[in-house]
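A.B. asks:
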Amino acid sequence: MSSDKAVTLRINGHDETATVPSHRTLLEALRGLGHVDVKCGCEKGDCGACAVLIDGEAVDSCLTLAHSAAGREITTLQGLGTPENLHPLQLSFSELGAAQCGYCTPGMIIASESLLRKNPSPSEDELRHALSGNPCRCTGYVKIFEAVNAAAEVMRNSGDPK
Ligand code: FES
Ligand code: FES
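Offset between the sequence shown (1-based) and this note's numbering: plus 119.
1. Among G132, A217, A185 and G167, whose alpha-carbon lies nearest the alpha-carbon of A148?
2. Please indicate yes or no: does the CB of G160 lie closer than 7 Å to some heavy atom of ligand 1?
3. Say the cut is 7 Å; is the CB of D179 nearer than that to a heavy atom of ligand 1?
4. Under the three-state reduction of DSSP, which class applies to E245: helix, strand or coil?
5. From the DSSP secondary-structure annotation, give me the bridge partner or partners of E214.
6. Excluding the 5 residues preceding and the 5 following P225 in the sequence, name in chain order all residues of the same chain whose CB lies nearer than 6 Å to its CB.
7. Here's the rule I'm using: 16 or more other beta-carbon atoms within 10 Å means buried, otherwise exposed. How should D123 be labelled?
8. I'd like the list of long-range same chain contacts for C257, defined as Cβ closer than 6 Å, with 5 residues on each side in sequence excluded.
9. May I ask you to report which of helix, strand or coil DSSP gives V158?
10. Taking the Cβ atom as the reference point for each residue, do N268 and C223 lie within a distance shorter than 8 Å?
11. Closest by CA to N276, which one among G200, P239, G160 and G198?
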């Protein structure tokens, strides 16, 4: 007998229904719905690749049950901007070479967005701390920090904390 139950998830401004058992993670549900911009890494909260915003806060979707996210506002990397209108973080990561293999990038940008919503002018220590749960095997972090700082400046100057 299947224990699947339908849950409506608000993802990037649209309602989508996943039919999943109560133990299914939000990461599995999102990827099952086609949101493969949410990356699957360690599945135990160590790598941050699966990060999404829930009500504006970065969370590891591998540690969140899909059913517990019902009624909350879920934002993935693709919900931040469009190819025609990139979010400043997406643009700066691209322009400043802050992504190499790119596997960490969605989680890195989500964690950065969560930080900048709370703290538009983070110090280097605050930035390092905010991204400490998002290891990157490629870039050496210098480009990533440059990209976040560049985007933060654009966001401050635009007066739009988003
Ligand atoms: S896949 Fe979720 S923290 Fe690694
Ligand atoms: S760009 Fe490859 S892991 Fe970060």
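Cβ atoms here follow ideal geometry from the backbone N, Cα and C, with glycine treated the same way.
C.D. replies: Once the coordinates are examined:
1. A185
2. yes
3. yes
4. helix
5. The partner list for E214 (beta bridge, DSSP) is empty, contrary to what the question assumes.
6. D156, K158 and L196
7. exposed
8. Q219 and C220
9. Checking the sequence, you will find Lys at residue 158 rather than Val. DSSP places K158 in coil when its eight states are reduced to three.
10. no
11. P239
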